[in-house]
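Visitor:
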Amino acid sequence: MATNSNQPDAAPEHLGVPSRNPLPLSASQEAQVRDIYYARVRRNCTEEIKAFAACALGRTFTVSFACRAEHRAMNGCMARHATQAEHDAAREEWFSMRIQRQRERERSAKMAAAQEEFMREWWGLPEDVRLSRQREMEEKHKGERIGGMPAKDRPQEGR
């Protein structure tokens, strides 16, 4: 069977994101993506940022006109590198680090549980204190939710 040349090719293999516009993230997750994005942009413009910082060192009011060239060079570099493609790359990086963050949460939960067990054995904490602490840790480390919280007024499927 002949293939139609008008159909788009399959998605590239390097994508860690299900699509270019994946499920919506929560506000804190979007802030994490933004932090990665800003770090990536700043990494591309380190020389310009250093030049502006060196010029602005020890100045207050005169920075705006004494360091105008360095400031424009820095802003130009930031504008060149602050693209949607860079934001998509930051989002892909965030999604690729999900497994790592999950492992770190599990590791910290295990360490906290081991410390709690040690403290309970050492100090003889009552069972209800230990169980309340364990419930708090479980609620804190439920896992990463993608897609935000469901609307309270929207009927849930399966109910």
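Residue numbers for the sequence shown, in my numbering: 59 to 217. In this text, a Cβ means the ideal position worked out from N, Cα and C, and glycines have one as well. Keep in mind that this is a model prediction, so the values were computed, not measured.
1) Please classify Glu106 as buried or exposed, where buried requires at least 16 other C-beta atoms within 10 Å of its C-beta.
2) Indicate whether Arg100 and Glu151 have their beta-carbon atoms separated by less than 9 Å.
3) Does DSSP put Asp211 in a helix, in a strand, or in coil?
4) In chain order, which alpha helix (DSSP H) runs of at least 4 residues are fully inside the region 84-137?
5) How would you call Ile157, buried or exposed, if buried means at least 16 neighbouring beta carbons within 10 angstroms?
6) What does a CB cutoff of less than 6 Å around Val91 pick up in its chain, not counting 5 residues either side in sequence?
7) Taking the alpha carbon of Arg130 as the reference point, which residue from Trp181, His139 and Phe110 has its own alpha carbon closest?
8) Tell me the DSSP secondary structure of Ala140 in three-state form.
9) Quick check on the DSSP output: the alpha helix (DSSP H) that includes Met155 runs from which residue to which?
10) With a 10 Å radius around its C-beta and 16 neighbouring C-beta atoms as the bar for buried, classify Leu189 as buried or exposed.
11) Could you name the residues of the same chain whose beta carbon sits closer than 6 Å to that of Asn102, not counting the 5 residues immediately before and after it, in chain order?
12) Taking the alpha-carbon of Asn133 as reference, which of Thr120, Thr104, Asp146 and Ser86 has the nearest alpha-carbon?
13) Whole angstroms are fine: how far does the CA of Asp93 sit from the CA of Glu162?
14) Closest to Ala112 by C-alpha separation, out of Gln142, Phe123 and Glu128, would be which residue?
Guide: Well, looking at it:
1) buried
2) no
3) coil
4) 85-102, 104-114 and 121-124
5) exposed
6) Ala148, Arg149 and Trp152
7) Phe110
8) coil
9) Element bounds for Met155: n/a, residue is neither H nor E.
10) exposed
11) His139
12) Thr104
13) 19 Å
14) Glu128
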